[in-house]
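Structure record follows, encoded as structure tokens.
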Amino acid sequence: MARGSGPRPEGTDGSDFGFRMVIHDRYKFMADLRKYNKILAFSHVPLLLLSCAWCSVGMLAGHPFPNAIGFLVVLEFFCLLSYFLAAPGTGREKLKYMKMYGFLIGLIAAEHILTRYWYHVRHPKDELYPKVFAHYLELHYGVTNTASVQKTLEIGEATLDGVLWVILIAAAFVCRSYVLIKRNPAESDSSGAPAGESEGGQKKDR
106 MARGSGPRPE GTDGSDFGFR MVIHDRYKFM ADLRKYNKIL AFSHVPLLLL SCAWCSVGML
166 AGHPFPNAIG FLVVLEFFCL LSYFLAAPGT GREKLKYMKM YGFLIGLIAA EHILTRYWYH
226 VRHPKDELYP KVFAHYLELH YGVTNTASVQ KTLEIGEATL DGVLWVILIA AAFVCRSYVL
286 IKRNPAESDS SGAPAGESEG GQKKDR
């Protein structure tokens with residue numbers, strides 16, 4: 106490696122910095138989207154599974170496991186399978202599977218919102234999970250302060266629902282942006298020069 110104080114290479118006067126290869130802003134944006142895509146794809150899984158497990162609390166009072174939640178688990182399986190098959194960020198990336206992942210994550214977000222809306226608005230108040238679980242603790246473990254336990258569970262339930270909604274909706278929008286930018290490459294970089302050219306108007310090195 107040549108030292109900074111060494112002789113200048115022949116054929117250049119040191120003023121050719123305008124023709125150096127630069128990274129297109131599109132690729133920087135794609136790298137950010139790919140990173141957030143991965144974070145959201147894996148961070149929503151434990152939250153969704155926890156939410157589905159919480160929905161089994163009704164079985165403590167003799168109620169069947171909700172069919173909609175079982176369907177949600179099946180959707181989640183195929184959603185993760187699509188993400189792994191898409192192999193984002195690798196040389197074998199498949200955009201069709203990424204589009205399938207985006208469709209499924211959007212479907213999961215919509216169903217989760219609808220099922221939780223039905224639960225909070227249309228479900229009988231005596232069958233809400235915090236009250237069922239607090240009553241179960243009172244009967245089997247002698248817990249006396251069921252009111253405070255129920256209130257704590259209601260806060261935890263609302264927090265879980267809110268965080269999961271935000272992550273699912275963000276995952277759907279990030280995936281959509283990633284697919285769109287992959288399907289419609291930018292025609293120019295931020296300097297206004299056509300893609301593949303430097304600021305000086307010359308072709309960039311490939």
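Take any residue in the sequence shown, note its place counting from 1, add 105, and you have its number in my numbering.
Virtual Cβ for every residue (Gly too), placed ideally from N, Cα, C.
These numbers were taken from a predicted model, which means no experiment stands behind them.
Residue i - DSSP class collapsed to helix/strand/coil
| i | result |
| --- | --- |
| His245 | helix |
| Ala263 | helix |
| Pro229 | coil |
| Ala192 | coil |
| Leu167 | The sequence given here places Gly at residue 167; Leu does not occur at that position. It is coil, neither helix nor strand. |
| Glu181 | helix |
| Asn250 | coil |
| Arg131 | helix |
| Asn172 | helix |
| Arg197 | coil |
| Arg311 | Any reading at Arg311 must be qualified, since the residue scores a pLDDT of 42, below 50, and its modelled position is unreliable; the value itself is stated next. Note: Arg311 maps to coil in three-state DSSP. |
| Asn142 | helix |
Rounded Cβ spacing between residue i and residue j (contact assumed at less than 8 Å)
| i | j | result |
| --- | --- | --- |
| Leu190 | Leu209 | Contact flag wrong, Cβ pair sits at about 12 Å. |
| Val237 | Gly163 | 6 Å |
| His217 | Leu152 | Actually they are not in contact, since the Cβ atoms of His217 and Leu152 sit about 10 Å apart, beyond 8 Å. |
| Ser156 | Leu265 | 6 Å |
| Gly207 | Ala146 | Going by Cβ atoms, the distance from Gly207 to Ala146 rounds to 10 Å, so no, they are not a contact pair. |
| Thr251 | His240 | 7 Å |
| Gly246 | Trp159 | The sequence given here has Tyr at residue 246, not Gly. Not really, about 18 Å apart at Cβ, beyond 8 Å. |
Contact under 9 Å by Cβ, residue i with residue j
| i | j | result |
| --- | --- | --- |
| Leu269 | His149 | yes |
| Phe134 | Ile286 | yes |
| Ile213 | Leu273 | yes |
| Tyr283 | Met205 | no |
| Leu200 | Arg288 | yes |
| Gly194 | Arg139 | yes |
Residue i versus residue j - alpha carbon distance
| i | j | result |
| --- | --- | --- |
| Tyr188 | Asn172 | 25 Å |
| Asp231 | Trp223 | 15 Å |
| Ala192 | Leu165 | 41 Å |
| Ala215 | Ile174 | 13 Å |
| His225 | Ala275 | 23 Å |
| Ile144 | Gly196 | 20 Å |
| Tyr52 | Thr220 | In the structure displayed, the chain extends from 106 to 311; residue 52 sits before or after that span and is not available. |
| Pro229 | Glu198 | 47 Å |
| Arg281 | Gly267 | 21 Å |
| Gln136 | Leu244 | Note that residue 136 corresponds to Ala in the displayed sequence, not to Gln. About 54 Å. |
| Ser161 | Arg227 | 18 Å |
| Phe170 | Gly211 | 23 Å |
| Ala263 | Val271 | 12 Å |
9 Å Cβ cutoff, residue i in contact with chain C
| i | result |
| --- | --- |
| His228 | The displayed structure is made up of one protein chain only, and chain C is not part of it. |
key: Three-pair Cβ contact test at 8 Å for the segment 171-187 versus the segment 251-262   = no
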